[in-house]
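Numbered per the numbering used here, the sequence shown spans residues 7 to 262. Below is one structure; the comments refer to it alone.
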Amino acid sequence: MTRKNATWTVGRLADRSGVTVRTLHHYDEIGLLRPTARSSAGYRLYTETDLVRLQQIVVYRRLELPLDEIADLLDGPDGTVEHLRRQRDVVAARRDELEVLVDAIDQALEREMNNRPATDEDMRELFGHGFSDEYQAEAQERWGDTDRWAQSQARTARYTKADWAQIKEEQDATNDAFIAAKRAGEPADGDVAVAVAERARVQMDERFYDCDHEFHRCLGEMYVTDPRFAATYNDLEPGLAQYVRDAIVANADRSS
Numbered sequence: 007m008t009r010k011n012a013t014w015t016v017g018r019l020a021d022r023s024g025v026t027v028r029t030l031h032h033y034d035e036i037g038l039l040r041p042t043a044r045s046s047a048g049y050r051l052y053t054e055t056d057l058v059r060l061q062q063i064v065v066y067r068r069l070e071l072p073l074d075e076i077a078d079l080l081d082g083p084d085g086t087v088e089h090l091r092r093q094r095d096v097v098a099a100r101r102d103e104l105e106v107l108v109d110a111i112d113q114a115l116e117r118e119m120n121n122r123p124a125t126d127e128d129m130r131e132l133f134g135h136g137f138s139d140e141y142q143a144e145a146q147e148r149w150g151d152t153d154r155w156a157q158s159q160a161r162t163a164r165y166t167k168a169d170w171a172q173i174k175e176e177q178d179a180t181n182d183a184f185i186a187a188k189r190a191g192e193p194a195d196g197d198v199a200v201a202v203a204e205r206a207r208v209q210m211d212e213r214f215y216d217c218d219h220e221f222h223r224c225l226g227e228m229y230v231t232d233p234r235f236a237a238t239y240n241d242l243e244p245g246l247a248q249y250v251r252d253a254i255v256a257n258a259d260r261s262s
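Below is the structure:
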């Protein structure tokens with residue numbers, strides 16, 4: 007609120023409006039905003055009318071209008087209401103432009119995020135306890151000198167979060183197929199379970215490293231001898247680790 011007939015020196019107006027003294031002097035020099043009152047001592051003072059004009063200038067400057075265009079608008083025949091309506095229209099149009107720009111930036115950001123290699127945080131989000139730094143370090147210690155480890159590292163280094171999400175979806179589908187076969191009473195060495203085992207081998211071969219039937223047989227043995235691998239399967243379905251191992255072995259035997 008302002009007092010009726012209130013006036014301000016350039017310094018006080020700067021404090022009140024947030025516009026610098028230097029800027030106010032510049033507006034005065036170019037005739038955009040000149041103090042219209044005088045003190046008894048002859049000092050130039052800004053009035054409430056000047057303050058309203060300054061507020062309109064500030065709005066137009068925020069809309070990035072040049073000073074000469076602002077002067078034409080303020081000194082034209084339109085009144086304050088018409089100025090406010092015009093300002094509102096310009097702000098609304100700029101808002102729509104900015105919303106479109108924000109959407110475009112979000113889409114570009116999403117593309118960049120999807121195309122970058124997955125981070126450890128991404129992996130934990132996707133795989134939960136199935137991914138840990140401890141497991142990664144142990145795997146490197148056990149197989150770090152092997153060709154398959156090098157091949158797997160080269161392939162997975164470029165995988166994005168979307169790639170890993172697809173891999174997880176494939177793995178979950180394979181596990182679900184094993185569970186369905188076991189619950190349906192399909193023998194582990196029967197055609198249904200063996201077909202699922204072959205799907206698992208091909209997935210390993212395509213996604214990570216060369217996985218022939220004999221190497222897949224070795225993995226199958228690890229699924230029952232390593233308590234953590236066994237728990238991963240058995241937590242999904244009691245006895246599933248042994249079932250998967252037997253299906254893998256049966257598939258390898260058939261390929262011999």
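Each residue gets a CB set at the ideal place from its N, CA and C atoms; glycine is no exception.
The beta-bridge partner set that DSSP reports for TRP14 consists of TYR52.
Take the alpha-carbon of ASP178 and the one of ALA171: they are about 10 angstroms apart. Setting aside the 5 residues that flank it on each side, ALA258 is surrounded in the same chain by HIS219, GLU220, HIS222 and ARG223, each with a C-beta closer than 7 angstroms to its C-beta; the list follows chain order.
Taking a contact as a CB-CB distance under 8 angstroms, the pair TYR52 and THR13 counts as one, their CB atoms being some 6 angstroms apart. Here the stretch 195-207 lies against the stretch 245-255, with 3 or more beta-carbon pairs under 8 angstroms apart. Only buried fits ALA206, as 16 or more other CB atoms lie within 10 angstroms of its CB. Burial check for GLY17: the Cβ neighbour count within 10 Å stays below 16, so the residue is exposed. When secondary structure is reduced to three states using DSSP, ALA43 falls in the strand class. DSSP assignment within the stretch 192-232 yields the following whole alpha helix (DSSP H) runs of 4 residues or more, N-terminal first: 197-213 and 219-231.
The beta carbon of ALA236 sits closer than 7 angstroms to those of TYR229, VAL230 and ALA247, all from its chain and outside the five residues before and after it, given in chain order. Residue environment: ARG164 is assigned as exposed (fewer than 16 neighbouring CB atoms within 10 Å of its CB, all protein chains considered). Taking the Cα of LEU242 as reference, the smallest distance to any Cα among ALA203, ILE185, LEU30 and SER262 is reached at ILE185. Within the model, the alpha-carbon separation for ILE36 versus ASP56 is close to 15 angstroms.
Taking all protein chains shown into account, ALA160 has fewer than 16 neighbouring C-beta atoms within 10 Å of its C-beta and is therefore exposed. Closest in alpha carbon position to ASP211, among ASP102, ARG154, ARG94 and VAL58, is ARG154.
In terms of CA proximity to SER158, TYR215 leads the group THR152, TYR239, TYR215 and GLN93.
Contact check for VAL96 against LEU69 passes: the beta carbons are separated by less than 7 angstroms.
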